[in-house]
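Last residue of the sequence shown: number 279 in the numbering used here, and the count goes up by one each step with no gaps. Backbone N, C-alpha and C fix where the C-beta goes; we use that ideal spot for every residue, glycine too. Accompanying notes for the structure given below.
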Amino acid sequence: MRHRTLLLLTLVALLMPWGNDVTAKINKNKKKRKAEVEVPEWDPTLPQPDEPLTPLTPQHPLTLDLMYARDVVVTHTANHQIMGIDVSHYQGYIDWNEVARNRDIHYVYIKATEGGELMDNMFRLNIRGARRAGLKAGVYHFYIPSVSPQRQFQNLRSAVNKEDMDLLPIIDIERRGRDKLPKFQQNLKTFIQMVERHYGVKPVLYCSRDFYNKYLAGPFSSYKYMIARYHPEVPELCDDAPFVMWQFSSTSYVRGIHGHVDRSCMMDQYTLRDILIR
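Right, dumping it as structure tokens:
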């Protein structure tokens, strides 16, 4: 028994330095990890989480959404005394005599063509029926950016004669396409100029408020516009373009037409005379 006790005491004495080293290393690692996750003290010179960030100033506000160009917004007033509609084959057969009895309808725009090949299959019937009923009628072309302006012009010219229209023609511009903005604008300008030269009048351009503010403001600000915005508030443009008509609804009902129809009204000081072909 005595020999065993001496042996154990000897082993403990030999292991004590090693144990002290292990304990020291563990304590050192704990301090290191604590230092790595320790939160720095509060610094009053740094931005705090509840402080608002300073907004960036856009370099080209006219190419951005309207929310970035509120300092140049131009407000307009609507004249709901002079209203009109626009239709296409989506409305099917229309009783134009019944439509003409509606004293709120002063003009009508009818879809004629789209892109480089399509002609609306109700165009001929609609344009003849509307004019025979005594309504002032105009036509519109739906512009497709991926189709050359030359092909689109040939399509429009083959379908519509100047004698078919009482109102300035409309170019419906709703698609941006994949081309870079300068090319999109150049092709659109080429098409507009071809239409203007052939029919002898400057067409009206149709688009949404945001589309105009982003893509058309500047190079096309001298043209008359029908602006679409289905909202109680009048659209606001980022410059003083001739905003002649406002398409304020796409879900209106008019006697003589089955289903929904787009409705618009004249703006500001403009009257029906401003869109008539003189």
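Annotation for V235: H77 and A79 place their beta carbon closer than 6 angstroms to its own, counting only its chain and skipping 5 residues before and after. Here the C-alpha atom of A160 lies approximately 20 angstroms from the C-alpha atom of Y94. Beta-carbon to beta-carbon, S265 and F249 are separated by about 7 angstroms, close enough to satisfy the 8 angstroms threshold.
Here DSSP, grouped into helix, strand and coil, assigns K163 to helix. Note that the C-beta distance between Y200 and K163 is below 8 angstroms.
Taking the C-beta atoms as reference points, L168 is found no nearer than 8 angstroms to I83. Per DSSP, the unbroken alpha helix (DSSP H) holding M195 starts and ends at L182 to Y200. Note on the region 70-150: whole beta strand (DSSP E) runs with a minimum of 3 residues are 79-88, 106-115 and 137-143, in chain order.
DSSP places S222 in no beta strand (DSSP E); its state is neither H nor E.
Counting every other CB atom within 10 Å of its CB across the protein chains shown gives N156 a total of 16 or more, marking it as buried.
For Y213, the three-state secondary structure derived from DSSP is helix. The region 177-187 and the region 118-136 do not touch, with fewer than three beta-carbon pairs separated by less than 8 angstroms. Here the alpha carbons of L126 and D96 stand approximately 11 angstroms from one another. As computed with DSSP, C266 is found in a beta bridge with M84 and W247. Around the beta-carbon of Q151, fewer than 16 other beta-carbon atoms lie within 10 Å, marking it exposed.
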